[in-house]
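Residue numbers (my numbering), protein chains in the order written: chain A, 1 to 258; chain B, 1001 to 1313.
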């Protein structure tokens, strides 16, 4: 194994999550190396988003092992016990992971640049003027240099999502999570958002992307994971999973979306 | 056919009922104006005087005792509202706490203070020294370090602030809770994903957005509080209504002095109404694509609209 010396950015071993009697995740095993892009695909309700939300501890896993950059998510190991992390420690971990939501979730009472500045200023305590400069540069990078002082309601869906990406990047994360970032967008606005994401991937950002954009997965992903009913059905390179699926369930799904 | 129709003059619908209604209102208004300003009465003792005694109203309108009462009324309104808003936020957050003891305590507070008349509560705080003659700081059931005599500490003024504030807190708690619940859960998640703590999320993300829902009923509460402070007269606080009462119990000019007080309440609540508009406008920031116009802008738009009726307002 040539990779044995690099710590995976995301490591999941038999990750389970249940809500009462309902099992949303039934033993997920996967690994994302640093600088890699993984796309999670599958029908709705298959547990893709749930798994993504477990990675930054928005959801607590019920069993198994989940680690980001070598550290357990939500727990600290002491001897043969796992100690739950305090709120403050959980926040510190989350600050290292960027997340982009399907519904953008921009803060509507703040302008684009205020949205981008909020994290670094309140969480990291960075200097306001310096952060603002960085934020404007980030907005420029996502193609919104003319929308710096616009409120979210004054922006289109695609523009809002690009502000949301800039907001996540402002924290200088080592891992970016995308939860169906283009699903709420008009078809003609999808391209701009995907272009920004491609740029990020090319710059070496580690990304886990829940998506229905098979073209994006084929072009950008290092690995594609097909999930169904809370379990990984098939995983591999885009060519393997999208081009030559082995399982009937994968074939049936791809036949519908491609 | 169409051309012919386009050339014909149109006759708008007539509304005779509106004219009759308007006439009735006009007559009533003239009658009210007449009895208010231009009529006299003869009393049982044969005295002839102005019906509403405007000279008396004028005489006492800016008298010392009334103005001092007005200041106390304003103080009570502000202090009780500040106490009420702070308590309301704390109780709303407790009410939404996952800890059943916390949310239970908040429920009990709201249940009690919303379920008893504020008049009774004021009398209760006024008489608090009957059940708690002293208030001490110390270890529960252990030694006491510091003791105050409640009879001297809880003056009528203090009792009024505490009573009105605690009562207001119960109402504000429900208003704040509704505001917090109105904020989309995605907002909290986005803030958490950035690594913000619970407190930061509440203060920077949830409460500012909740304010849009909280502000209108809170403005209502302020105006309501302005008038509710008149109940403090019952526990001998020298506020506006009490000031009027002190004068008319000496001169027997009851109605004119009640009108003096009423005019002051109307003036203050009018100012508050204008203030409320601007506060609501401020918190609408980001929720609307365009800010609603200020009254001055509205007037200007109307004026411009009158000059070119075809123009878009």
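All residues carry an ideal CB built from backbone N, CA and C; glycine is no exception. Just so you know, these numbers come straight off a predicted model, no measurement behind them.
Whether residue i touches residue j by CB criterion (9 Å)
i	j	result
residue 32 of chain A	residue 206 of chain A	yes
residue 1156 of chain B	residue 1235 of chain B	yes
residue 1124 of chain B	residue 1084 of chain B	no
residue 1176 of chain B	residue 1091 of chain B	yes
residue 105 of chain A	residue 1190 of chain B	yes
residue 60 of chain A	residue 112 of chain A	no
residue 93 of chain A	residue 71 of chain A	yes
residue 208 of chain A	residue 85 of chain A	no
residue 1073 of chain B	residue 1268 of chain B	yes
residue 1170 of chain B	residue 1069 of chain B	no
residue 117 of chain A	residue 132 of chain A	yes
residue 47 of chain A	residue 204 of chain A	no
residue 1050 of chain B	residue 1063 of chain B	no
residue 1186 of chain B	residue 95 of chain A	no
residue 179 of chain A	residue 25 of chain A	no
residue 1206 of chain B	residue 1188 of chain B	yes
residue 1059 of chain B	residue 1255 of chain B	no
residue 1193 of chain B	residue 252 of chain A	no
residue 1041 of chain B	residue 1034 of chain B	no
residue 109 of chain A	residue 1286 of chain B	yes
residue 171 of chain A	residue 98 of chain A	yes
residue 166 of chain A	residue 135 of chain A	yes
residue 69 of chain A	residue 175 of chain A	yes
residue 1232 of chain B	residue 1076 of chain B	yes
residue 1093 of chain B	residue 1211 of chain B	no
Sequence-distant residues of its chain with Cβ nearer than 6 Å to residue i (five each side left out)
i	result
residue 1167 of chain B	1113, 1118 and 1121
residue 1165 of chain B	1080, 1083 and 1084
Contacts around residue i, its chain only, beta-carbon distance under 7 Å, and the 5 residues preceding and following it disregarded
i	result
residue 257 of chain A	212 and 214
residue 158 of chain A	185, 189, 192 and 193
residue 144 of chain A	112, 159, 162 and 163
residue 217 of chain A	39, 41, 211, 224, 238 and 242
residue 1056 of chain B	1253 and 1256
Own chain partners of residue i with C-beta closer than 8 Å, once the 5 adjacent residues on each side are dropped
i	result
residue 1272 of chain B	1219, 1222, 1223 and 1226
residue 1281 of chain B	1291, 1292 and 1294
residue 14 of chain A	27, 28, 29, 63, 64 and 65
residue 1309 of chain B	Since pLDDT at residue 1309 of chain B reaches only 48, below the 50 mark, its modelled position is unreliable, and no value is offered.
residue 201 of chain A	37, 207 and 220
residue 236 of chain A	223 and 224
residue 2 of chain A	Note that residue 2 of chain A scores a pLDDT of 46, beneath 50, so its modelled location is shaky; the value from the coordinates is reported in the next line. Cβ neighbours of residue 2 of chain A beyond the five flanking positions: none.
residue 1208 of chain B	1283
N-terminal and C-terminal residue of the alpha helix (DSSP H) that residue i is part of
i	result
residue 31 of chain A	Run containing residue 31 of chain A: none in the alpha helix (DSSP H); it sits in the beta strand (DSSP E), 22-32.
residue 1171 of chain B	1156-1182
residue 55 of chain A	48-55
residue 1252 of chain B	Looking at the DSSP string, residue 1252 of chain B is not in any alpha helix (DSSP H), and its letter there is neither H nor E.
residue 1076 of chain B	1064-1095
residue 1037 of chain B	1016-1037
residue 1113 of chain B	1100-1115
residue 118 of chain A	112-119
The beta strand (DSSP E) enclosing residue i, as first and last residue numbers
i	result
residue 15 of chain A	10-19
residue 207 of chain A	206-210
residue 178 of chain A	175-179
residue 78 of chain A	75-78
residue 1041 of chain B	1040-1042
residue 1048 of chain B	1048-1050
residue 81 of chain A	81-84
residue 64 of chain A	63-68
One or two residues paired with residue i in a DSSP bridge
i	result
residue 968 of chain B	Any property of residue 968 of chain B remains undetermined from this structure, which presents chain B solely from 1001 to 1313.
residue 97 of chain A	A:175
residue 234 of chain A	A:226
residue 258 of chain A	Residue 258 of chain A is not bridged to any residue.
residue 103 of chain A	DSSP output for residue 103 of chain A lists no bridge partner at all.
residue 41 of chain A	A:226
residue 239 of chain A	Bridge partners of residue 239 of chain A: none, in fact.
residue 149 of chain A	Residue 149 of chain A pairs with nothing; no bridge assigned.
residue 213 of chain A	Note: residue 213 of chain A sits in no beta bridge, so no partner.
* Residues in the segment 1195-1222 of chain B having any Cβ partner in chain A nearer than 7 Å -> Of all residues in the segment 1195-1222 of chain B, 1195, 1196, 1197, 1198, 1200, 1204, 1205, 1208 and 1209 have a Cβ within less than 7 Å of some Cβ in chain A.
* To do: Give, in chain order, every residue of the segment 165-183 of chain A whose Cβ lies closer than 7 Å to some Cβ of chain B.
  => Result list: 171.
* To do: Scan the segment 64-93 of chain A for residues whose Cβ lies nearer than 9 Å to a Cβ of chain B and list them as they occur along the chain.
  => Residues 87, 88, 90, 91, 92 and 93.
* Note down, in chain order, all residues in the segment 1161-1195 of chain B with a beta-carbon under 7 Å from any beta-carbon belonging to chain A. => The segment 1161-1195 of chain B vs chain A, Cβ under 7 Å: 1186, 1187, 1189, 1190, 1192, 1193, 1194 and 1195.
* Asked: Between the segment 5-36 of chain A and chain B, which residues of the former have CB atoms less than 7 Å from a CB of the latter, in chain order?
  -> Flagged: no residues at all.
* Interface residues of the segment 204-233 of chain A facing chain B [CB-CB below 9 Å] -> Listed in chain order, the positions of the segment 204-233 of chain A with a beta carbon within less than 9 Å of a beta carbon of chain B would be empty, since no residue qualifies.
* Any residues in the segment 39-62 of chain A with a beta carbon nearer than 9 Å to a beta carbon of chain B? Which ones, in chain order? -> Taking 9 Å as the Cβ-Cβ cut-off against chain B, the residues of the segment 39-62 of chain A that qualify are 53, 56, 57 and 58.
* **Interface residues of the segment 1266-1289 of chain B facing chain A [CB-CB below 9 Å]** => So the close ones are 1283, 1285, 1286, 1287, 1288 and 1289.
* Check each residue of the segment 120-146 of chain A: if its Cβ is closer than 7 Å to any Cβ of chain B, include it; give the result in chain order. => Listed in sequence order: 122 and 123.
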